[in-house]
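Chains as they are written, first to last, in the numbering used here: chain C, 29 to 595; chain D, 328 to 586; chain A, 38 to 467. Virtual Cβ for every residue (Gly too), placed ideally from N, Cα, C.
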Amino acid sequence: MSELLIKNAYVIDPINDIKGEIMDIAIKDRMIADSVSDSAEVIDAKGCLTLPGGVDSHTHICGTKVNFGRYMSPEDMRAGRGRAQPHMYPVSGYSVPTVYANTYRYSALGYTTVLEGAMAPLEARHTHEEFFCTSLQDTMANTLFDGNWSVMEAVSDKDLKRVAAVVGWTLAAVKGFAVKVTNPGGTEMWGWGKDVGCIHQKIDHFGITPAEIIEYLIRANELLNLPHSVHLHCNNLGKPGNYKCTLETMQRTPNLNDKRQTLYMTHVQFHSYGGTKWGDFCSKADDIAWMLNRKPQIAIDMGQVMFGKTTTMTADGPMEFNLYRLYNNKWSNHDVELETGSGIIPVFYSRKNLVNSVMWSIGLELALMTKNPWQCMLATDNPNGAPFVKYPEIIALLMSSRYRDEEFAKIHPDTGKRVHLPSLDREMDFYEIAVMTRAAQAKALGITDIGKGHLGEGAYGDVAIYPIKNNDIDPSRDYSKIIEGFSLTDYTIKSGRVISRHGNCLLNGNNRTIWVKPKISEEYNMSNDPEFVKKFERYYSVSMENYPVEEEYMNKRNICIETETGL
Amino acid sequence: MKIELSIKPREKPFIPIEAESITPASFLEKMTEDITVWSGNREKKLTEIFDVKKSGNADSQKDVEIILNGDCSAVKRVGEYMKDGKISIMGNIGMHCGNFMSGGLIEINGDSDSWLGREMTGGEIICKGNTGDYCGSGYRGEKTGIKGGKITIMKDAGDYLGESMAGGEIIVNGSSGNMPGSEMQKGTITIYKDAVLPCPNMRGGICYVLGEAKEILPTFKQTGSIYNSDHKRELNIYEGDYANRSHKGKLFAGKTNKK
Amino acid sequence: MIKKNVICSFCGCLCDDLSITIEDGKITGVDNGCALANAKFLGKERLLKPVIREGDSIKETEYNTAIEKAADILKDAERPLFFGWSGTQGEAQAKGVHLCMLLGGVIDNTSSLCHGPSILAIQEVGHPGCTLGQVKNRADLIIYWGCNPLEGHPRHMSRYTTYADGFFLKNAFRERKLIVVDVRKTMSSDVADEFIQIEPGGDYAVLSALRAIVRGEEKIIPESVSGVSKSQLKRVADMCKEARFGALFFGLGLTMSKNKYKNIRNAVELTDELSRHTKFTISAMRGHWNVYGANEVFTWMTGYPYAIDFARGIPFYNPGETTAAEILYRKECDALMVVSSDPAAHMPKKCVEHMADIPVIQIDPHKNCTSFFTDVQIPVAITGIEASGTAYRMDGVPLRTKKIIDADFLTDTEVISRIYERILEAKADV
Ligand code: SF4
Ligand SMILES: [Zn+2]
């Protein structure tokens with residue numbers, strides 16, 4: 029039995045309502061315990077900021093699309109190379125780094141849990157294979173349902189239970205964690221080179237609308253009693269004027285769950301655009317935040333853009349094609365039969381570019397205008413808005429209005445007329461940052477019950493100790509120390525084991541994959557449904573027997589959350 | 328300061344030496360004993376691979392001249408990131424000589440292997456022999472090749488000369504291989520003899536083929552011809568590549584053979 | 038006993054609908070497979086025991102001795118080369134990468150001899166593609182360029198294109214048009230609606246001409262391009278633009294002919310241009326069953342799909358320099374490990390000569406041309422028959438091949454892991 033005692037920690041643990049107290053943390057056999065014996069290994073935190081391990085609720089680090097981003101980008105690979113260290117493999121890559129680079133860099137930032145934002149069910153094995161190498165973080169996969177034919181057919185038949193049955197079967201089959209919907213209907217239309225313009229546009233052949241897909245999936249999600257809510261990437265990403273579509277989607281969201289939000293909207297920065305074209309493009313973060321403040325049933329992540337080089341990658345195939353026509357850089361696309369799509373292009377967000385400057389402002393505005401930090405999570409849609417290594421800079425921007433002003437002075441001079449940022453003087457404190465980088469995520473993902481995202485007794489011993497001393501630092505002035513401090517933990521501890529010290533990581537952190545298995549009666553088991561089976565065998569290019577992800581792809585200590593359902 | 332490096336006989340002479348440390352800057356900033364090169368997967372002292380004779384002093388890179396003696400065709404990356412000074416290579420030189428170079432002069436008396444002057448931004452390379460493929464090109468996946476500087480080849484060049492070139496000048500006194508100036512955006516390439524399939528997919532820049540241009544693409548538009556007094560020759564003028572959305576490249580060719 | 042839905046580990050189609058009859062622990066029948074699959078599943082020839090070379094003779098030995106010898110060869114090499122990987126399970130590929138990282142060698146897979154140029158092109162301009170089922174359900178125009186699927190990928194047309202059922206096509210076979218582009222007539226061109234015969238080496242010019250025509254610049258195109266008439270080019274451009282969903286597949290006839298990766302780049306850019314008019318995708322006809330898997334595994338572990346040099350401890354990638362054939366040609370490596378492939382049969386003579394000069398380790402169930410040069414050959418279980426393991430189809434769909442009969446062989450993964458462990462021990466001893 030391993031025991032660890034962290035002494036003298038300045039702890040913020042929002043889920044347990046600890047808002048900054050010097051205390052000791054005991055970890056026994058991977059879990060937080062009440063106490064440990066005298067023989068426990070001791071770490072002296074020396075009063076440094078100590079938080080539950082970070083949780084990223086939306087990132088792209090594993091799977092077909094991510095790997096294709098690497099595959100097509102040797103120029104990105106050479107931008108982040110590192111030699112092997114005693115307990116680390118060599119690494120490559122900046123915006124789409126190798127699996128090892130991702131897992132090392134996340135652990136250096138104190139993250140111990142990550143959710144891959146988009147996994148096509150047909151290609152799920154790939155995501156799980158990469159999860160195997162992402163060994164310093166526990167992993168989960170959002171599973172794509174935006175263009176799932178069986179779902180769309182069931183929606184068209186107005187058969188909610190069938191929608192839920194298909195979703196439940198698929199999640200269990202591919203060992204996914206949550207329901208992801210990317211540009212609902214749009215990815216199916218992209219199969220014909222088209223897109224949907226608003227949530228009420230009918231989808232070819234299926235005759236249903238994005239709004240209906242969202243509505244049914246939200247209800248099916250609750251019927252399946254899944255830990256996380258539906259995770260939505262709205263229609264019309266990146267188009268001027270798309271905020272109306274976003275607002276209406278928010279407006280339509282029911283409040284169906286009292287433990288967490290009913291809808292998680294991701295990278296909302298990309299969906300808060302006013303204007304009609306790039307010429308009159310402007311921020312509508314105020315309207316989106318106004319709505320969010322009235323809708324506790326919704327949680328969002330920022331989708332913050334940071335200046336510099338990165339790679340955009342999403343299941344939203346048509347959007348990537350639009351970006352390609354805008355930037356004329358290399359473009360990859362990968363449609364997945366009967367399910368979804370994806371696209372990838374490299375981009376450069378420039379301070380000198382007005383549109384990019386406005387985008388940068390919008391993300392910050394969303395965070396600063398959302399009253400309740402539990403509703404707005406810090407993320408960049410890694411690597412779409414920026415690689416996650418930029419998180420510390422975003423933290424500093426949220427904590428220091430002085431830093432924001434200084435940065436604002438460096439961006440395109442016309443930005444001021446199109447955004448609200450200069451008028452916002454809110455400065456977040458460590459508690460709010462702790463909420464926005466782990467606690468809110470864990471709550472939104474519904475994984476606090478299994479012991480993630482907090483330091484209560486029985487929780488996993490996931491802890492990040494940052495070289496930041498609350499009393500010695502004024503984040504508003506010393507923002508560069510904030511950046512430094514959040515960039516490199518003194519200790520990152522996962523399941524009671526130190527996995528990273530000052531960025532020196534372990535080869536293997538014995539990560540776990542968290543997945544769901546809704547309990548569904550035989551009546552609703554799609555494996556027994558002749559129509560489903562027939563269509564599967566006829567139109568997929570693999571047989572149904574070879575579709576489910578085998579046990580071999582699960583790490584040893586994977587966590588299966590079985591849910592009681594209404595089916 | 329003058330540094331004379333003579334390559335020693337090696338047990339496995341074909342194992343490549345990676346010697347990006349052979350630049351005026353390293354000799355100015357480091358003790359010779361501290362300079363290392365790589366032989367396969369082993370880091371070795373420079374002096375294990377080369378006999379080193381150092382004479383004179385220097386205050387700046389400009390005053391440093393490095394002379395490489397012997398057959399250095401397995402020595403890669405010489406003069407990488409060179410900013411100033413001079414490197415004289417008496418025989419052949421291996422791949423990636425003068426990569427990322429921004430100033431100074433590299434003179435090669437023998438042949439140079441592929442990727443000569445890759446991604447250079449300034450300075451000058453003169454190769455008195457032949458050069459391999461990808462002279463003055465970019466890196467895999469990168470959008471641009473060289474952005475500045477000058478490369479002169481006295482004999483022939485291999486394939487993909489000046490790929491994705493975005494500035495600077497390349498002169499080949501002999502012929503080039505297949506596809507010089509592919510994806511070219513800016514800058515000038517002059518080939519005194521022949522070339523095959525010049526400038527495919529070019530968007531900008533200028534390329535002269537003063538001998539025979541073989542297989543000019545059907546997507547180049549001939550807009551006329553001129554007598555070029557510099558080269559004392561009648562040249563056909565083409566615009567292209569019309570396969571591309573932007574096609575502001577100019578190709579001047581002597582005798583041509585359009586495919 | 039009959040096993041159904043067995044995955045064929047022969048070509049990049051990874052057909053997963055084979056029925057295999059097994060009697061007394063032996064395969065006696067194959068249903069649904071093509072002739073290539075039958076040969077693979079019913080093949081009898083194989084190496085039964087590890088062999089090592091002693092002087093001029095080859096001797097049978099035990100796994101332990103062979104593994105020991107392999108480790109011995111590799112541990113002190115200054116520039117070991119690890120080549121092959123397209124015919125083995127993903128798990129073994131991953132182990133191979135770790136071994137190469139440990140030893141500071143170069144690792145390359147057989148892409149460098151087949152679709153390496155396609156990868157270089159994709160790195161320049163990207164890749165608008167899709168899974169094969171997307172083509173099957175939607176495409177009303179199929180183009181095969183520089184490939185002859187009926188011989189190289191015999192079931193490609195029946196499972197994924199011309200003869201497959203398609204959800205959005207009432208009568209798929211009649212509604213789908215087929216264009217074949219090649220330098221000569223083939224079995225596949227015989228069934229095409231339109232056959233474009235190009236003079237050898239003329240693909241690039243034809244692709245450029247098509248791009249210009251699609252962009253409305255047909256005026257400048259001459260009456261004939263590389264032996265193809267302008268009227269045919271215009272007709273083909275129209276067919277592409279009018280299709281609801283077009284899918285272009287290309288093979289080695291395009292990647293390995295003159296202009297290599299620039300051909301593929303041009304084809305991708307034609308696809309980009311057509312995507313402004315309709316739905317269009319492009320895909321490579323990957324040959325070996327798990328060559329795409331090798332690209333995927335190498336990529337997530339090292340950042341690059343093939344040709345990775347770890348000599349400096351940091352991955353470096355530069356095909357043309359770090360590719361196996363070039364390294365052998367320049368005699369750079371001082372040891373070679375070949376896994377599930379036959380470089381001696383496919384590389385230039387000068388490369389093969391160097392194989393004779395250096396120690397060669399081979400991990401392969403079968404003897405092949407490379408075996409003439411090996412100092413140690415270690416037979417392994419055949420993935421997809423005697424061992425299970427991950428494979429990636431030519432379109433990136435990952436599948437788990439199955440173990441369908443028992444055999445007394447170690448898997449590639451086990452053999453490589455044991456070599457790795459042995460070297461770690463040896464290094465620790467020093
Ligand atoms: S087409 Fe290829 S994968 Fe399919 S059965 Fe034939 S050899 Fe096997
Ligand atoms: Zn995302």
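Asked                                                                                                                                                                   : Found
Would you identify the three-state DSSP class for C:Cys310, choosing helix, strand or coil?                                                                             : strand
Note down, in chain order, every chain D residue with its Cβ under 7 Å from the Cβ of C:Glu636.                                                                         : Outside the displayed range of chain C (29 to 595) lies residue 636 of chain C, so it cannot be described from this structure.
If I'm right that C:Gly594 touches C:Ala136 with Cβ under 8 Å, what's the distance once you round it to whole angstroms?                                                : With 8 Å as the limit, C:Gly594 and C:Ala136 do not qualify as a contact, their Cβ atoms being about 43 Å apart.
Measuring only between beta-carbons, confirm whether A:Ser245 sits less than 8 Å from chain D.                                                                          : yes
I'd like to confirm something about A:Cys48: is its beta-carbon nearer than 7 Å to some heavy atom of ligand 1, or not?                                                 : yes
In whole angstroms, give me the CA-to-CA distance for C:Glu243 and A:Arg437.                                                                                            : 35 Å
Name, in chain order, the residues that DSSP records as bridge partners for C:Phe436.                                                                                   : Looking at the DSSP assignment, C:Phe436 forms no beta bridge with any residue, so it has no partner.
Along the region 511–535 of chain D, what residues have a CB closer than 8 Å to any CB found in chain A?                                                                : Leu524, Pro527, Asn528
Which residues, in chain order, does the region 83–113 of chain C contribute to contact with chain D at a C-beta distance below 9 Å?                                    : Met100, Ser101, Pro102, Glu103, Asp104, Met105, Arg106
Considering only heavy atoms of ligand 2, does any lie closer than 7 Å to the CB of C:Asn412?                                                                           : yes
Note down, in chain order, every chain A residue with its Cβ under 7 Å from the Cβ of D:Lys339.                                                                         : Glu115, Asp371
Tell me which same chain residues have a C-beta within less than 6 Å of the C-beta of A:Asn296, skipping the five on either side of it?                                 : Tyr241
Of the choices D:Ala540, D:Gly551, D:Ile533, D:Met529, whose alpha-carbon is the least far from that of D:Tyr569?                                                       : D:Met529
For C:Arg288, which residues of its own chain have a beta-carbon under 7 Å away from its beta-carbon, when the five flanking residues on both sides are left out?       : Ser257, Lys471, Ala472, Gly474
Alpha carbon to alpha carbon, how far is A:Ala372 from D:Glu510?                                                                                                        : 38 Å
Taking CB distances under 8 Å as the criterion, tell me whether A:Ile258 reaches chain D.                                                                               : yes
Quick one: list the residues of chain C neighbouring A:Ile216, beta-carbon separation under 9 Å, in chain order.                                                        : Neighbours of A:Ile216 on chain C: none; closest Cβ ~19 Å, over 9 Å.
Report the neighbours of A:Tyr354 on chain D: residues whose CB is nearer than 8 Å to its CB, in chain order.                                                           : Arg467
Smallest Cα separation from D:Lys474: which of D:Pro351, D:Asp460, D:Gln512, D:Lys410?                                                                                  : D:Gln512
Could you check whether A:Met384 and C:Pro118 sit closer than 8 Å to each other, using their CB atoms as the reference points?                                          : no
Can you look up A:Asn146 in the DSSP assignment and give me helix, strand or coil?                                                                                      : strand
Compare the C-alpha of A:Glu99 against each of A:Glu279, A:Val413, A:Asn300 and name the closest.                                                                       : A:Val413
Does any C-beta atom of chain E lie closer than 8 Å to the C-beta of C:Asn532?                                                                                          : Considering every chain present, this structure includes no chain E. Its protein chains are C, D and A.
Please list, in chain order, all residues of the same chain as C:Tyr552 whose beta carbon is under 6 Å from its beta carbon, the five residues on each side excluded.   : Ala193, Leu595
Considering Cα atoms alone, identify which of C:Arg106, C:Tyr128, C:His233 is closest to C:Leu535.                                                                      : C:Tyr128
With contact counted as at least three CB pairs below 8 Å, one residue from each stretch, are the region 40–57 of chain A and the region 422–429 of chain A in contact? : yes
Buried or exposed for C:Gln279, please, with buried defined as at least 16 other CB atoms from any protein chain shown within 10 angstroms of its CB.                   : exposed
Mapping the DSSP letters down to three states, classify A:Ser261 as helix, strand or coil.                                                                              : strand
Is the shortest distance between the beta-carbon of A:Met431 and the beta-carbons of chain C less than 8 Å?                                                             : no
Between C:Cys262 and chain A, is the shortest Cβ-Cβ distance under 8 Å, so that the two count as touching?                                                              : no
Note down, in chain order, every chain A residue with its Cβ under 7 Å from the Cβ of C:Asn350.                                                                         : Per Cβ cutoff of 7 Å: no residues; C:Asn350 is ~11 Å from chain A at best.
Relative to ligand 1, is the shortest distance from any of its heavy atoms to the C-beta of A:Pro191 smaller than 7 Å?                                                  : yes
Does the Cβ of A:Leu73 lie closer than 7 Å to at least one heavy atom of ligand 1?                                                                                      : yes
Checking the sheet assignment: what are the DSSP bridge partners for D:Ser552?                                                                                          : D:Asn563
For C:His156, name the three-state secondary structure that DSSP assigns.                                                                                               : helix
Let me make sure I understand the geometry here. Which of A:Asp68, A:Arg116, A:Glu451, A:Leu187 has the alpha-carbon closest to that of D:Glu370?                       : A:Arg116
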